[in-house]
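In this text, residue positions in the sequence shown follow the numbering used here: the first is 1269, and each later residue adds one.
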Amino acid sequence: MTQMLNYAISSYRRTSVALSPLAAVVRLLDEAIRSIRKAVQAIGEKRHEESYVAITKASTILRGLIHNLKFERGEDLCEDLMRTYNRNIVALHTSYGRPDAPQRYQRIIEGLTELRDAWASVAGMKSAAEMVRAPDKPNTAR
């Protein structure tokens, strides 16, 4: 395993100790989405190395989520999530350097936000849109 993958897995485990597993997944998806947004901003400002680092961080988070799937608790759901995460990882890296990368990344953000909001709903947390409207209230579920 690579150092970044170990970091992602250990970050998930540290986060999941303090939060419910669902809240940890929501927070990790939030961080992946933030990283992709940073990449889009860096692309617009011609900071290509920073963009690549942000995309790598987002894909590392998604790989960490894959490695923490519990297939014994729901094989079909885990298979679907693994496919979803893998497709997003591939899309992140194949979009890099393309002229339409910001638009591609925006579609990935939209899909991950939808997934994030589904998990947030199950965890009793706010949707991403609700967080933007009322960010002053904590979004925690334990």
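Glycine is no exception: its CB is placed at the ideal position from the N, C-alpha and C atoms.
- request: With DSSP collapsed to three states, give me the class of TYR1353.
  value: helix
query: Start and end of the alpha helix (DSSP H) containing GLU1340?
result: That residue, GLU1340, is in no alpha helix (DSSP H); it is neither H nor E in DSSP.
query: Tell me which same chain residues have a C-beta within less than 7 Å of the C-beta of ALA1369, skipping the five on either side of it?
result: ILE1311, SER1363
- request: Determine the direct distance from the alpha carbon of ARG1384 to that of LEU1287, and round the result to whole angstroms.
  value: 16 Å
message: I'd like to know whether the C-beta atoms of ALA1359 and ARG1372 end up nearer to each other than 8 Å.
response: yes
- prompt: Thinking C-alpha only, which one of ALA1307, LYS1338, GLU1313, SER1319 is nearest VAL1293?
  reply: LYS1338
query: Does the beta-carbon of GLY1332 have 16 or more other beta-carbons within 10 angstroms, so that it is buried, or is it exposed?
result: buried
- prompt: Taking the C-alpha atoms as reference points, what is the distance between GLU1229 and ASN1356?
  reply: The structure shown does not extend to residue 1229, since the chain spans only 1269 to 1410, so no value can be given for it.
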